[in-house]
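Using numbering that gives the first Met the number 0, read the sequence shown as starting at 0 and increasing by one per residue. Every residue, glycine too, gets a C-beta built ideally from N, C-alpha and C.
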Amino acid sequence: MGGGSGRPPGRPLTEAVRLDRGSPWTWSAHPRTTVYGETLRKVKGGEWRRWDPRRSKVASGLLRTTGSPERLLPVPGANVLYLGAGHGTTVSHIHDIVCHGEAPGRVVAVDLSPRCLRDLTRLAHARPGLVPVLGDARRPAAWRAWLPRRASWVFQDVAQAHQASIFTSACERFLEPGGRGLLSLKVESDRGTDAGALRASVEEELAKAGLDVDEVINLEGFEDDHLLFVVEGPDRA
Ligand SMILES: C[S@@+](CC[C@H](N)C(=O)[O-])C[C@H]1O[C@@H](n2cnc3c(N)ncnc32)[C@H](O)[C@@H]1O
């Protein structure tokens, strides 16, 4: 990347995301700082951060999708909901994207672990527009005040039982008409069903909730035992 020209090589996906050397990269909203030890590439006017596809299901989805990768991403200025934020690895790249340039994006990042919240809060101090929330994805009434309007992009990565129904409830409450939803499904977390049957039952549950399943991406090789369901919200108009 880069070489100081300010025009890095590689393929642009959006203004804030490029694919280069087998990885996505995001234009940093907080230059000269790594979040999880990722490689930084300084160029004229700023810096790109390598988005490690082995540490992020959204990044691996960008590399594995058979459709256009950009449709998996929120746009600059978007209001987005992230359930299962962890320590902020993927959240930081989503923040780079929605708060690109002067874009007034907002990432509401929910996790039930106080340890994760400590890291997310530290991250948020340097990243305006990132809103860390200590909360349970299954109990949105407790934290919905942080999301006063619907989100155009909802991502869930909670790795626990009943992932699909948590996701459909979140989309019903929070996803704007025609918005994009991504569900990372850990196949082991819903025990007692084989992977094929689980995939079929989740697809059925998503369809019943009025979500249009656009693609199911197998993340094998990056995140074993994980599927990424890409959906579009119903047009409620
Ligand atoms: C696989 S980690 C998330 C990794 C993160 N998405 C990333 O890419 O950097 C799963 C997270 O989900 C959180 N989690 C599990 N159940 C949850 C729930 N019901 N509500 C909110 N967060 C939950 C866990 O505390 C954990 O941080």
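- Counting only runs of 4+ residues, the alpha helix (DSSP H) found wholly inside the stretch 59–100 occupies 88–97, in chain order.
- For Arg126, the distance from the CB to the nearest heavy atom of ligand 1 is not below 8 Å.
- Under the three-state reduction of DSSP output, Ser27 falls in the coil class, being neither helix nor strand.
- Take Gly76, set aside five residues on each side of it, and the residues of its chain with a beta-carbon closer than 7 Å to its own are Val97, Ala102, Pro103 and Gly104, in chain order.
- For Ser183, the enclosing beta strand (DSSP E) stretches over residues Leu174 to Lys185.
- Per the DSSP secondary-structure output, Glu214 pairs in a beta bridge with Val229.
- Just so you know, the alpha carbons of Val109 and Gly85 end up roughly 8 Å apart.
- Summarising the contact set, residues whose Cβ lies nearer than 7 Å to any heavy atom of ligand 1 are, in chain order, Arg54, Ser55, Lys56, Leu82, Gly83, Ala84, Gly85, His86, Gly87, Thr88, Thr89, Val90, Val109, Asp110, Leu111, Ser112, Cys115, Gly134, Asp135, Ala136, Arg137, Asp156, Val157, Ala158, Gln159 and Ile165.
- By the Cβ neighbour-count rule, Glu203 is exposed, with fewer than 16 other Cβ atoms within 10 Å of its own.
- For Gly177, the closest alpha carbon among the candidates Ser164, Val107 and Val230 is that of Val230.
- Taking a C-beta distance under 9 Å as the contact criterion, Phe228 and Leu205 qualify as a contact pair.
- It is roughly 31 Å from the alpha-carbon of Tyr81 to the alpha-carbon of Lys43.
- Counting only the Cα atoms, Gly21 lies some 32 Å from Glu175.
- Annotation for Thr32: no beta strand (DSSP E) segment contains it, and DSSP assigns it neither H nor E.
- For the 9 Å CB-CB criterion, Gln155 and Gly180 form a contact.
- Between Ala136 and Leu111, the CB-CB gap stays under 9 Å.
- Per DSSP, Asp193 is not a residue of any beta strand (DSSP E), being assigned neither H nor E.
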